[in-house]
Each structure stands twice: as C-alpha cells, then as structure tokens.
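Per my numbering: the sequence shown = residues 116 to 556.
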Amino acid sequence: MAKRSAQFFPKIGTVRFEGPDSKNPLAFKHYNPDELVEGKTMREHLRFAAVYWHTMRGTGGDLFGWGTAQRPWATGECSTREAIDRAHAFFEFASKLGIPYYAWHDRDLGSHGRSLKEANAQFDAVGRELGKLQRDTGIRLLWGTAQNFVHPRYMHGAATSCNADVFCFAAAQVKKALEWTHELGGEGYVFWGGREGYSSLLNTDLKREMDHLGRFLHMAVAYKKKIGFKGPFWIEPKPKEPTRHQYDSDAAACLNFLREYGLLEHFQLNIEVNHAWLAGHTMEHELEVAGAAGALGSIDANMGDYFLGWDTDQFPTDLYLTAKTMLTVLKYGGFTRGGVNFDAKVRRESFTVEDLFYAHIAGMDTFARGLKIAARVRADGRLDAFVKDRYRSWDSGVGAKIEAGKFTFADCERHALSLGDVRGLESGRQELLEAIFNEFI
Ligand code: XUL
Ligand code: CO
Numbered sequence: 116m117a118k119r120s121a122q123f124f125p126k127i128g129t130v131r132f133e134g135p136d137s138k139n140p141l142a143f144k145h146y147n148p149d150e151l152v153e154g155k156t157m158r159e160h161l162r163f164a165a166v167y168w169h170t171m172r173g174t175g176g177d178l179f180g181w182g183t184a185q186r187p188w189a190t191g192e193c194s195t196r197e198a199i200d201r202a203h204a205f206f207e208f209a210s211k212l213g214i215p216y217y218a219w220h221d222r223d224l225g226s227h228g229r230s231l232k233e234a235n236a237q238f239d240a241v242g243r244e245l246g247k248l249q250r251d252t253g254i255r256l257l258w259g260t261a262q263n264f265v266h267p268r269y270m271h272g273a274a275t276s277c278n279a280d281v282f283c284f285a286a287a288q289v290k291k292a293l294e295w296t297h298e299l300g301g302e303g304y305v306f307w308g309g310r311e312g313y314s315s316l317l318n319t320d321l322k323r324e325m326d327h328l329g330r331f332l333h334m335a336v337a338y339k340k341k342i343g344f345k346g347p348f349w350i351e352p353k354p355k356e357p358t359r360h361q362y363d364s365d366a367a368a369c370l371n372f373l374r375e376y377g378l379l380e381h382f383q384l385n386i387e388v389n390h391a392w393l394a395g396h397t398m399e400h401e402l403e404v405a406g407a408a409g410a411l412g413s414i415d416a417n418m419g420d421y422f423l424g425w426d427t428d429q430f431p432t433d434l435y436l437t438a439k440t441m442l443t444v445l446k447y448g449g450f451t452r453g454g455v456n457f458d459a460k461v462r463r464e465s466f467t468v469e470d471l472f473y474a475h476i477a478g479m480d481t482f483a484r485g486l487k488i489a490a491r492v493r494a495d496g497r498l499d500a501f502v503k504d505r506y507r508s509w510d511s512g513v514g515a516k517i518e519a520g521k522f523t524f525a526d527c528e529r530h531a532l533s534l535g536d537v538r539g540l541e542s543g544r545q546e547l548l549e550a551i552f553n554e555f556i
C-alpha cells in the first residue's frame, strides 16, 4: 500500500537550502543539512522531528471557535482509510522538508474506536503502513507516546486516577504504544502526564497518586525489558494545563520523583520550551538542571507568548532562545538519541497547508542559526573562560580541600579567623557578558 504518488501538497516541491540572501519563502536560508558545525553536519546536530498531533490532527480550533485549518487529508470519517491517507500526507510533508524524524501519540495515528480492541486493530493497520512509509522515505521515528488524557475516561488522571480500572486502560495503551515504538525502531519513548496531577487537593490523595505513578513507570520499565526495547524513556515536565498542578512540574521535580521511586537509571527528560516558561523557568535553566544530572534526553521545540500564561505552542522564531538552547545542548555533548522535535502549531489564522511549510522552515532556520551562534560563542571562548576563572578559588588551596571533602566546619572557621575578612571579590560582569553574547547574534 505504501507506494502512492505525492498528492496532498501538489503545489509544493522539495524545500532546499538557498542561503541567507534567498527571498524564496519555500527555501531554507540557514538550515543547510550537510554544512559542518564543530565537525558534525547540521542534520546530525539538530535531528529535527515533525509531530503528528499538531501537524496532522490540529484543526485550529480553540475554546472560543471552531477549527479553521484546511487539511485535504481530513475527511472526518475516523476510518482506517482516512488514517492511512493521513500517514501518506505526513510522510509527503516531512520528505519535502527533509525532516529526518517524526513523533506520534497512539491516538494521533487512528481513532479511539468504540473499544480498546477496535482502537488496537486500527493502530496495527496504521503501524504497518508507517513501517512501509519509513522504509520508502528513510524517515525515522524519534519517539512514540500514549495519549492518556483526551478520552473522558482519563478525567481524573490516567496512572494517577482514583479508579484502578482507568490505570489498567492507561497501562494497556502504553503497552501497545511501546510495542509499536519498538517495532518502528523508535529512538526513545516519552511519558507526558497530561492529567497526572490534580485540580483540587480537597478530593486528592497526593501520596497515593504519586505511588501509583511510580508503580506504573516500574511496570513500563519491566515491559520495555521484556520486549527488548533499548531506547531511553523520557519524561516531559510541565507544571500545569490541563491540570492545576501536574506532578512532573519541572525538571527538578521529575528528577526528585525518579530518584525517590528508584527510577532514575531508566529515565531522562524531554524538555519543552513552553513548559519551562509555564514553570517560571527559562529553557536553558531546565536544560541545565537536566544536563547536570546526566538526564538531558531530547527537546520539544516551540515557544510561548511573552504576555500569555498558557501553552501556545508557537513555532520557535526567537534567536536568543535557540542560541541559548543549542549552547546548553552542545555543552552537554549534543543529542545522542534525542532531537529537536517541533511540538508546535500554526496559528488559527494561518490555516493553509503552505503555512505548515512556512512554520517548519522558520523553526528549522531559527534553530540552524541558533546552532551556528552557539558554536561561534564556544569557539570565541570568552564566556567559558570567564566562568572558569570565576571559580578559580576552588582549583587549589582551601577550595580544593573543601571539594575533596577534606575540610570540616572547624577547618573553615580556623581559616576564616585567620583571614580577618574576605578580600578581592570580583564583579560578576553580567552586562558585559550579555553584550559579548550579543556580538554573535
Ligand atoms: C503537551 C505536550 C504533549 C507531549 C506529548 O503540552 O507537550 O504533546 O509532548 O504527549
Ligand atoms: Co511536548
């Protein structure tokens, strides 16, 4: 079934790199996949992925209005035929953009069906087609996940539901999604606990819900071993929306949860820009917290609106954001199995299929520039040198002894008394460093 002629975007050809002077809206100005940066191609550094949910299933609907998006593949039938057409549209789209990876939720691929059995059967049919499309195009699966938050049965949560039957449905969905992620050669598998949190503590046993989430993830680890899936598990932090409080609220909370439940060795994090902002953090903060713990797995690339307090999932077009993101990613050694996954949606007013291309081109070019800026900042070396020098009192003498665990409180007191007072504190030079960063933008 996989062979069909391109038919969903007949007016759009392959998008190519034309360089910064190009005025062609359907060309890359900065993303040049084969260009080397720090000895690796841009393609290898960035590992772009397109998402099934926003790109294929997004309608442009919001709380106040119906969908606006014109999507020739969406017939509204919920049939396997429609699901397979959608898969072909998606692969045509990603191929034309040269996007090497993609990501899905189980229910993006097909429908919920009237029963789990029916949903599973449709998942199998689409999964087989995806396998053929992957082979035909060379596009690979970055990660799969289970959509355990849309269906009404998940109103009180999935793994953290007050109802044990719901826990089983959620487990069944993850089991199946893991099987297909493995079958399709996925690089990793993501857990985003959309409804794993609460709306009110008056009706919630927080400890019991967290214990259930820990149990659920241990069951997932056991199943991953059973089927031989070697990819990492990635938890995606988000503090709220749709719940008032989500247990996986930020990178630090996730790491603490994983440590408490003995799961740290099995998980890394998938950090998303807009989620970091909702948690009151910058993207680079979340990446640093994950990276410092050796748990930086992958990123969901998007951005929010500086004046709105919710998850707008806009395409990332802010150079400071992408430069600082890539600076941190490079600092921690770059992506191994993860990548830059566009968990982003076009605006409701950008309703044509061309807008899907313009949006991805904008995001890819902004990340390509961010990568080049980050590499130039690193090659220049002034920022790194400043930080290294700032901590030099720890490289020898008292500092080195403290770091090595060879100094007690009494030793510190003796040393402080001998000094009289601290002398020679130096400026943090924040404004100067910001100006140096600006030199490369
Ligand atoms: C929701 C979100 C999800 C996850 C996957 O805010 O980011 O799409 O990325 O479930
Ligand atoms: Co996401």
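Beta carbons: idealized from backbone N, C-alpha and C, even for Gly.
Would the stretch 251-269 count as touching the stretch 291-310 if we require 3 or more Cβ pairs under 8 Å? yes
Between the C-alpha atoms of F124 and A204, what's the straight-line distance to the nearest angstrom? To locate residue 124, count along the sequence shown from 1; it is residue 9. To locate residue 204, count along the sequence shown from 1; it is residue 89. C-alpha separation (whole angstroms): 8 Å.
Reduced DSSP category for L423 - H, G, I as helix; E, B as strand; rest coil: Within the sequence shown, numbered from 1, the residue matching residue 423 stands at position 308. Here L423 carries a coil assignment [DSSP, helix/strand/coil].
Quick one: using the 10 Å Cβ neighbour count with 16 as the cut-off for buried, is E380 buried or exposed? Position 265 of the sequence shown holds residue 380. Flag for E380 reads exposed.
If G329 and Y376 are in contact, beta carbons under 8 Å, what's the gap, nearest whole angstrom? On the sequence shown, residue 329 is found 214 positions in, with the first residue counted as 1. On the sequence shown, residue 376 is found 261 positions in, with the first residue counted as 1. Indeed they touch by this definition, with Cβ atoms about 3 Å apart.
Looking at the secondary structure, which residues open and close the alpha helix (DSSP H) in which L547 lies? Against the sequence shown, residue 547 aligns to sequence position 432. Element bounds for L547: 545-553.
Go to G259, then tell me how far its beta strand (DSSP E) extends in each direction, as first and last residue. Walking along the sequence shown from the start, residue 259 turns up at place 144. First-last of the beta strand (DSSP E) with G259: 255-260.
Helix, strand or coil for H530? Go by DSSP, reduced to three states. Locating residue 530 in the sequence shown gives position 415, counting from the first residue. Helix, per DSSP.
What number of angstroms, rounded off, separates the C-alpha of D428 from the C-alpha of N389? Position 313 of the sequence shown holds residue 428. Position 274 of the sequence shown holds residue 389. Straight-line Cα distance between these residues: approximately 6 Å.
Boundaries (first-last residue) of the alpha helix (DSSP H) holding Q96: In the structure as shown, the chain begins at 116 and stops at 556. Residue 96 is therefore absent and cannot be evaluated.
Taking the beta strand (DSSP E) that D415 falls in, what are its first and last residues? Your numbering for residue 415 matches position 300 in the sequence shown. Its beta strand (DSSP E) spans residues 411-415.
Looking at C-alpha atoms only, which residue of Q237, A519, L540, D526 is the closest neighbour of R505? On the sequence shown, position 390 is the one that residue 505 refers to. Checking every option, the nearest Cα to that of R505 belongs to L540.
Looking at the secondary structure, which residues open and close the beta strand (DSSP E) in which W219 lies? Taking the sequence shown and counting its residues from 1, one reaches residue 219 at position 104. Where W219 is concerned, the enclosing beta strand (DSSP E) stretches over 216-220.
May I have the straight-line CA-CA distance separating M116 from E244, to the nearest angstrom? Residue mapping note: residue 116 aligns to position 1 of the sequence shown, counting from 1. Residue mapping note: residue 244 aligns to position 129 of the sequence shown, counting from 1. Any reading at M116 must be qualified, since the residue scores a pLDDT of 49, below 50, and its modelled position is unreliable; the value itself is stated next. If I take the Cα positions, the gap works out to 7 Å.
With a CB to CB cut of under 6 Å and the five nearest residues on each side skipped, what residues in its chain are close to H400? Taking the sequence shown and counting its residues from 1, the one referred to as residue 400 is at position 285. So the list is empty, once near-sequence residues are dropped.
Kindly give me the distance between the Cβ atoms of E356 and W307, rounded to whole angstroms, as I take these residues to be in contact under 8 Å. Locating residue 356 in the sequence shown gives position 241, where the first residue counts as 1. Locating residue 307 in the sequence shown gives position 192, where the first residue counts as 1. Incorrect: roughly 12 Å between the Cβ atoms, too far for contact.
Tell me whether N389 sits in a helix, a strand or coil according to DSSP, three-state version. Stepping through the sequence shown from its first residue, residue 389 is reached at position 274. Helix.
Alpha-carbon spacing of M157 relative to N147, whole angstroms: In the sequence shown, counting from the first residue as 1, residue 157 sits at position 42. In the sequence shown, counting from the first residue as 1, residue 147 sits at position 32. About 7 Å.
Per-residue burial, G409 [other beta carbons within 10 Å of its own, 16 or more giving buried]: What you label residue 409 is simply residue 294 of the sequence shown in a count that begins at 1. With fewer than 16 other Cβ atoms within 10 Å, it is exposed.
Closer than 7 Å by C-beta to D177: which residues in its own chain qualify, once you throw out the five before and the five after it? Chain order, please. Reading the sequence shown from its first residue, position 62 is the one you call residue 177. Around D177: R463.
When you compare each of V152, L141, R222 to W168 by their alpha carbons, which one comes out closest? Position 53 of the sequence shown, counting from 1, holds the residue named residue 168. For the residues V152, L141, R222, the minimum Cα distance to W168 belongs to R222.
From the DSSP output, in three-state form, read off G128 for me. Counting from 1 along the sequence shown, the entry for residue 128 is found at position 13. Coil, per DSSP.
Cα separation between D320 and H271? For the purposes of this step, residue 320 is taken as residue 205 along the sequence shown, with counting starting at 1. For the purposes of this step, residue 271 is taken as residue 156 along the sequence shown, with counting starting at 1. Distance between the alpha carbons of D320 and H271 is about 12 Å.
Less than 6 Å between the CB of W392 and some heavy atom of the ligand XUL, yes or no? Translated into the one-based positions of the sequence shown, residue 392 becomes position 277. Checking every heavy atom of the ligand XUL against the Cβ of W392, none is found closer than 6 Å.
Name the residue from K345, K340, P347, L393 whose alpha carbon lies nearest to the alpha carbon of A366. Taking the sequence shown and counting its residues from 1, the one referred to as residue 366 is at position 251. Of the listed residues, the one whose Cα sits closest to A366 is L393.
Consult DSSP for L224 and reduce its assignment to one of helix, strand or coil. Your numbering for residue 224 matches position 109 in the sequence shown. Here L224 sits in helix by DSSP.
What number of angstroms, rounded off, separates the C-alpha of A438 from the C-alpha of P431? As a first step, residue 438 is located in the sequence shown; it is residue number 323 there, counting from the start. As a first step, residue 431 is located in the sequence shown; it is residue number 316 there, counting from the start. Answer to the nearest angstrom: the Cα atoms are 11 Å apart.
From T190 to A198, what distance separates their C-alpha atoms? For the purposes of this step, residue 190 is taken as the residue at position 75 of the sequence shown. For the purposes of this step, residue 198 is taken as the residue at position 83 of the sequence shown. Whole-angstrom Cα-Cα distance: 10 Å.
Pairwise C-alpha distance: R310 and N417: As a working note, residue 417 is residue 302 in the sequence shown. As a working note, residue 310 is residue 195 in the sequence shown. Going from the Cα of N417 to the Cα of R310 covers about 21 Å.
By Cβ distance, which residues of its chain are closer than 6 Å to V513, with the 5 residues on each side in sequence left out? On the sequence shown, position 398 is the one that residue 513 refers to. Excluding residues within five positions, the ones whose Cβ falls inside 6 Å are H530.
For E387, is the beta carbon positioned less than 6 Å from some heavy atom of the ligand CO? One-based indexing of the sequence shown puts residue 387 at position 272. Indeed, a heavy atom of the ligand CO lies less than 6 Å from the Cβ.
Can you grab the Cα-Cα spacing for the pair F552 / L442, in whole Å? Working through the sequence shown from its first residue, we reach residue 552 at position 437. Working through the sequence shown from its first residue, we reach residue 442 at position 327. So the two alpha carbons sit approximately 11 Å from each other.
Should Y304 and F348 be called a contact, given that it needs their Cβ atoms to be closer than 7 Å? Residue 304 sits at position 189 when you count from the first residue of the sequence shown. Residue 348 sits at position 233 when you count from the first residue of the sequence shown. Yes, they are a contact pair.
Taking the alpha helix (DSSP H) that G496 falls in, what are its first and last residues? Indexing the sequence shown from 1 puts residue 496 at position 381. Careful: G496 lies outside any alpha helix (DSSP H) and carries neither H nor E.
Taking the alpha carbon of P140 as the point to measure from, which residue in A459, E469, W509 has its own alpha carbon closest? Mapped onto the sequence shown, residue 140 falls at position 25. It is E469.
Among G312, A273, T523, which residue has its Cα nearest to the Cα of C369? Taking the sequence shown and counting its residues from 1, the one referred to as residue 369 is at position 254. The residue among G312, A273, T523 with its C-alpha nearest the C-alpha of C369 is G312.
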